[in-house]
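Asker: Residue numbers (my numbering), protein chains in the order written: chain A, 2 to 120; chain B, 352 to 757.
C-beta atoms are modelled at their ideal positions from N, C-alpha and C, and glycine is treated no differently.
All of these numbers come straight from a predicted model, not from anything done at the bench.
Can you read through this structure? Questions will come right after.
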Amino acid sequence: MHMIRDVLDKQVVDRNQAKIGKVDGIVAQLRQGKPPRVIAVEIGSIALARRLGPLPGRWMVILVAKLRGERHAKPHRVAWSKVRDIDLDIEIDVDVRKTAIFEWQDWLRDHIVGRIPGA
Amino acid sequence: MKKLLEISLGVVTSVGGFLEVGSLATAAQTGALFHFQLVWAILLGTICIIFLVEMAGRFAAVSKHTIADGIRERFGFNAFLWPLVSTLLVNFLVLSAEIGGVSIAAEFATGIGFQWWALPVAFIAWLLLWKGTFGLIEKGVSLLGLVTLCFVVAAVILKPDWTRVAVSAVPSLPHHDTATYWFMAVSILGASISPYLFMFYSAGAIEDKWDKSYLGINRAIAGLGMSFGGTISIAVLIVAALVLGANGITQVDDYHQLPLMLTPVFGFWGFVLFVASLGIACFGATVEIALQQAYLVAQGFGWNWGEDRKPREDPGFTMVYTVTIFAAAIPIALGLDPLKLTIFSMALTAASLPLAVVPFLFLLNDRSYIGEHRNGVISNAAVLFIIALGFILAVVTIPLQIFGGG
């Protein structure tokens, strides 16, 4: 398997087949004298902005910290051990509702979309 | 039989994507100024879009992924950013032009200036997206869109010299206004081969839950649906040539000239039919493009999406079309001339074409997505041809806009 070809940018679905994002980043651990090991995939705007370069990455961290607080100013990580299946989509053994990945969608629902009649 | 009814996806894509303010305006302008001479451009555009739509449908039916998904996943985020940004921008301008088209139809119908209609039109389109299902939009727009066949009836009644129409299917050099001729050829191709059109179709195939058993019907739908739009565009061109051009109106630079096209044939009803056709075709396009903006963003970033789901289930997806549709109404509400915006945005569509078409060459040959259903020699030759055409269009559009667009 090639991490870049077969994992990066692929669709991530949770255990209920909800589309929760694309693989925006891959985290590998460097180990002394051994090959690096993949430990997690990253999802979200900060991981994406870092793909464009260190500067956009820093800007996004500042923006997210301003909007949602310092606590959230890091990319969402899903441990590699949660990955169940790698095909066209990457399936992970996680329930997205129990993570912070869709917090911004929840915010939109509570503050804007849910308040419009018929939503 | 049930699958045959799926033809409505082809017709809705065609009415909303092909036959819209861009095609109507460019076909009317060229017919008035160059008679039948540019029929070839519509024909060429139709053939190209049939190939692209068939491929987009096949890709979605086999891989269960849309073209936008495929571009992001196959080429990575940094490469995806270019088609994402350019398509979002061009779509925004075209959406604005379509809202302008509906607003003008409303102005013709009521006498109240078009800028007052922009926000109400945006609201009605938004309401349809908010409350409606994909099936309702698809079937509703395709049924109402049949009214545009009045142009075909008019073209036949006007008894054009069909041999001259047929001869114009072969490209020829202009005898006057050379720069304008080529600018209009580019605008027609831009109005016909729109990226949002085949991207919308691939998302529609997922909305309608297509699988491999739809491959045959997909081919028929792509062919018939896009031919529907192409035929009507050619009919508009013929009517414009025989009514506007023959009466000395060669420069269609004011949209108030347009409803006159059908009155010599149908009398007062010609006016009604024109207004209905313009309104419905542009409204279909408004809904389609607003939805496509939301599809593109949601698919590009991997969120849940679907027109059949409740807005509160996918707040991100619904917010994209909500914001887009009202923002796009603003330029029209401020009084920007819809016809000028249309011509400008059609040329820009042509310029953005390569970014959206080059991925087809890779995606439709990628076994991990479509296995044994990958492109054959003919489809690949067609893609290569469209890519070459796209690059030519992208290079010549801006200079032609300056010399021929004014």
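If the criterion is Cβ atoms closer than 7 Å, does the pair B:Ser447 and B:Pro750 meet it?
Answerer: Position 96 of the second sequence holds residue 447 of chain B. Position 399 of the second sequence holds residue 750 of chain B. Going by C-beta atoms, B:Ser447 is not nearer than 7 Å to B:Pro750.
Asker: In the DSSP assignment, the alpha helix (DSSP H) including B:Leu409 goes from what residue to what residue?
Answerer: Locating residue 409 of chain B in the second sequence gives position 58, where the first residue counts as 1. Note on residue identity: the sequence assigns Arg, not Leu, to residue 409 of chain B. First-last of the alpha helix (DSSP H) with B:Arg409: Val390 to Ser414.
Asker: Okay, do the stretch 491-499 of chain B and the stretch 588-608 of chain B touch, 3+ Cβ pairs below 8 Å being the bar?
Answerer: No: fewer than three Cβ pairs fall under 8 Å.
Asker: In terms of residue numbering, what span does the beta strand (DSSP E) encompassing A:Val28 cover?
Answerer: In the first sequence, counting from the first residue as 1, residue 28 of chain A sits at position 27. Looking at the DSSP string, the run of the beta strand (DSSP E) that includes A:Val28 is Gly26 to Arg32.
Asker: Closest to B:Val445 by C-alpha separation, out of B:Trp561, B:Val372 and B:Ala476, would be which residue?
Answerer: Residue numbering aside, residue 445 of chain B sits at position 94 when the second sequence is read from its first letter. The shortest C-alpha separation from B:Val445 is found at B:Val372.
Asker: Hey, B:Ile493 and B:Thr377 are a contact pair by Cβ (cut 8 Å); roughly how many whole angstroms apart?
Answerer: In the second sequence, the residue the question calls residue 493 of chain B occupies position 142. In the second sequence, the residue the question calls residue 377 of chain B occupies position 26. Note on identity: in this sequence residue 493 of chain B is Ser, with Ile being the wrong assignment. Wrong, their Cβ atoms sit about 23 Å apart, outside the cutoff.
Asker: How would you write the range of the alpha helix (DSSP H) that B:Lys482 sits in, first residue to last?
Answerer: Along the second sequence, one-based indexing puts residue 482 of chain B at 131. Taken as a continuous stretch (DSSP letters only), the alpha helix (DSSP H) holding B:Lys482 covers Ala469 to Lys482.
Asker: May I ask which residues mark the beginning and end of the alpha helix (DSSP H) holding B:Arg425?
Answerer: For the purposes of this step, residue 425 of chain B is taken as the residue at position 74 of the second sequence. Taken as a continuous stretch (DSSP letters only), the alpha helix (DSSP H) holding B:Arg425 covers Ile418 to Thr461.
Asker: Mark A:Ile87 as exposed unless 16 or more other C-beta atoms lie within 10 angstroms of its C-beta, in which case mark it buried.
Answerer: Position 86 of the first sequence, counting from 1, holds the residue named residue 87 of chain A. Classification of A:Ile87: exposed, given that the 10 Å Cβ count is below 16.
Asker: Answer yes or no: does any C-beta atom of chain B fall closer than 7 Å to that of A:Ala80?
Answerer: Within the first sequence, the letter at position 79 stands for residue 80 of chain A. With 7 Å as the cut-off, A:Ala80 does not count as an interface residue toward chain B.
Asker: I want to see whether chain B comes within less than 7 Å of A:Lys83, judged by CB atoms only; does it?
Answerer: Position 82 of the first sequence, counted from the first residue, corresponds to residue 83 of chain A. False, the Cβ-Cβ gap to chain B never drops below 7 Å.
Asker: Does the Cβ-Cβ distance between B:Leu592 and B:His386 come in under 7 Å?
Answerer: Sequence index remark: in the second sequence, residue 592 of chain B carries index 241 (1-based). Sequence index remark: in the second sequence, residue 386 of chain B carries index 35 (1-based). The amino acid occupying residue 592 of chain B in the given sequence is Ala; Leu does not appear at that position. For B:Ala592 and B:His386, yes; Cβs fall inside 7 Å.
Asker: Is it the case that the CB of A:Ala50 approaches a heavy atom of the ligand SAM more closely than 6 Å?
Answerer: Summarising the ligand content, the structure contains no ligands, and the ligand SAM is consequently not present.
Asker: Could you tell me which of B:Ala702, B:Ala419, B:Asp562 and B:Val516 sits nearest to B:Gln644, measuring between CA atoms?
Answerer: Residue 644 of chain B sits at position 293 when you count from the first residue of the second sequence. The option with the nearest alpha carbon to B:Gln644 is B:Ala419.
Asker: Name the two residues that bound the continuous beta strand (DSSP E) containing A:Arg52.
Answerer: Working through the first sequence from its first residue, we reach residue 52 of chain A at position 51. Per DSSP, A:Arg52 belongs to no beta strand (DSSP E); it is in the alpha helix (DSSP H), Ser46 to Leu53.
Asker: Any residues in the stretch 5-20 of chain A with a beta carbon nearer than 7 Å to a beta carbon of chain B? Which ones, in chain order?
Answerer: Answer set for the stretch 5-20 of chain A: Leu9, Asp10, Lys11, Gln12, Val13, Ala19 and Lys20.
Asker: Look at the alpha carbon of A:Ile47 and the alpha carbon of A:Val8, and state the distance between them as a whole number of angstroms.
Answerer: Mapped onto the first sequence, residue 47 of chain A falls at position 46. Mapped onto the first sequence, residue 8 of chain A falls at position 7. Using only the alpha carbons, I get a separation of about 18 Å.
Asker: Can you find at least 3 beta carbon pairs, one from the stretch 398-416 of chain B and one from the stretch 577-590 of chain B, that sit closer than 8 Å?
Answerer: Yes, the stretch 398-416 of chain B is in contact with the stretch 577-590 of chain B.
Asker: Per DSSP, what kind of secondary structure is B:Gln466 in: helix, strand or coil?
Answerer: Here residue 466 of chain B is taken as the residue at index 115 of the second sequence, counted from 1. Helix.
Asker: Among all the DSSP beta bridges, which residues are the ones paired with A:Ala80?
Answerer: Counted from its first residue, the first sequence places residue 80 of chain A at position 79. Paired residue(s): A:Ala41.
Asker: Excluding the 5 residues flanking B:Asn569 on each side, which residues of the same chain have their C-beta closer than 8 Å to its C-beta?
Answerer: Here residue 569 of chain B is taken as the residue at index 218 of the second sequence, counted from 1. These residues qualify, in order along the chain: Glu405, Gly408, Arg409, Ala412, Ala556 and Trp561.
Asker: I need the DSSP call for B:Gln380, collapsed to helix, strand or coil.
Answerer: Along the second sequence, read from residue 1 onward, the residue named residue 380 of chain B stands at position 29. Of the three classes helix, strand and coil, the one that applies to B:Gln380 here is helix, per DSSP.
Asker: DSSP three-state label for B:Trp656, please.
Answerer: Against the second sequence, residue 656 of chain B aligns to sequence position 305. It is coil, neither helix nor strand.
Asker: Please classify B:Pro546 as buried or exposed, where buried requires at least 16 other C-beta atoms within 10 Å of its C-beta.
Answerer: As a first step, residue 546 of chain B is located in the second sequence; it is residue number 195 there, counting from the start. Its Cβ being crowded by 16 or more others within 10 Å, B:Pro546 is buried.
Asker: Using a cut-off of 8 Å between C-beta atoms, extract the partners of B:His724 located in chain A.
Answerer: Within the second sequence, numbered from 1, the residue matching residue 724 of chain B stands at position 373. Ordered by position in chain A, no residue passes the 8 Å Cβ test against B:His724, which lies about 14 Å from the chain.
Asker: Return the chain-ordered list of same chain residues with a C-beta closer than 8 Å to the C-beta of B:Met535, the five sequence neighbours on each side being excluded.
Answerer: To locate residue 535 of chain B, count along the second sequence from 1; it is residue 184. Counting only Cβ-Cβ distances below 8 Å, and skipping sequence neighbours, we find Thr377, Gln380, Thr381, Leu384, Phe385, Leu389, Ala392 and Gly755.
Asker: Is the Cβ-Cβ distance between B:Gly396 and B:Ile589 less than 7 Å?
Answerer: For the purposes of this step, residue 396 of chain B is taken as residue 45 along the second sequence, with counting starting at 1. For the purposes of this step, residue 589 of chain B is taken as residue 238 along the second sequence, with counting starting at 1. Contact: no.
Asker: Closest to B:Pro689 by CA distance: which of B:Ser359, B:Ile358, B:Val507 and B:Leu375 is it?
Answerer: Position 338 of the second sequence, counted from the first residue, corresponds to residue 689 of chain B. Minimum Cα distance to B:Pro689 is reached at B:Leu375.
Asker: Run through the stretch 555-638 of chain B for me and flag every whole alpha helix (DSSP H) of 4 or more residues, listed as ranges in chain order.
Answerer: Counting only runs of 4 or more, we get 566-590 and 614-617.
Asker: Are at least three pairs of beta-carbons, each pair with one atom in the stretch 668-688 of chain B and one in the stretch 720-738 of chain B, less than 8 Å apart?
Answerer: With the cut-off at 8 Å, the stretch 668-688 of chain B and the stretch 720-738 of chain B do not touch.
Asker: Pick helix, strand or coil for B:Val521, following the three-state DSSP scheme.
Answerer: Here residue 521 of chain B corresponds to residue number 170 of the second sequence, with the count starting at 1. B:Val521: coil per DSSP, three-state reduction.
Asker: Would you mind giving the Cβ-Cβ distance between A:Val97 and B:Thr669, rounded to the nearest angstrom? I have them listed as a contact below 8 Å.
Answerer: By one-based count along the first sequence, residue 97 of chain A stands at place 96. By one-based count along the second sequence, residue 669 of chain B stands at place 318. The Cβ separation is near 18 Å, so there is no contact.
Asker: Give, in chain order, every residue of the stretch 655-671 of chain B whose Cβ lies closer than 8 Å to some Cβ of chain A.
Answerer: Flagged, chain order: Asn655, Trp656, Lys661, Pro662, Arg663, Asp665, Pro666, Gly667, Thr669 and Met670.
Asker: Is B:Ala641 near B:Tyr672, with beta carbons less than 7 Å apart?
Answerer: Residue mapping note: residue 641 of chain B aligns to position 290 of the second sequence, counting from 1. Residue mapping note: residue 672 of chain B aligns to position 321 of the second sequence, counting from 1. Going by C-beta atoms, B:Ala641 is nearer than 7 Å to B:Tyr672.
Asker: Mind listing, in chain order, the continuous alpha helix (DSSP H) runs of no fewer than 4 residues lying wholly within the stretch 705-743 of chain B?
Answerer: 718-721, all fully within the stretch 705-743 of chain B.
Asker: Enumerate in chain order the residues of its own chain whose CB-to-CB distance from A:Ile40 is below 6 Å, with the five nearest sequence positions on each side excluded.
Answerer: As a working note, residue 40 of chain A is residue 39 in the first sequence. Excluding residues within five positions, the ones whose Cβ falls inside 6 Å are Val28, Gln30 and Trp81.
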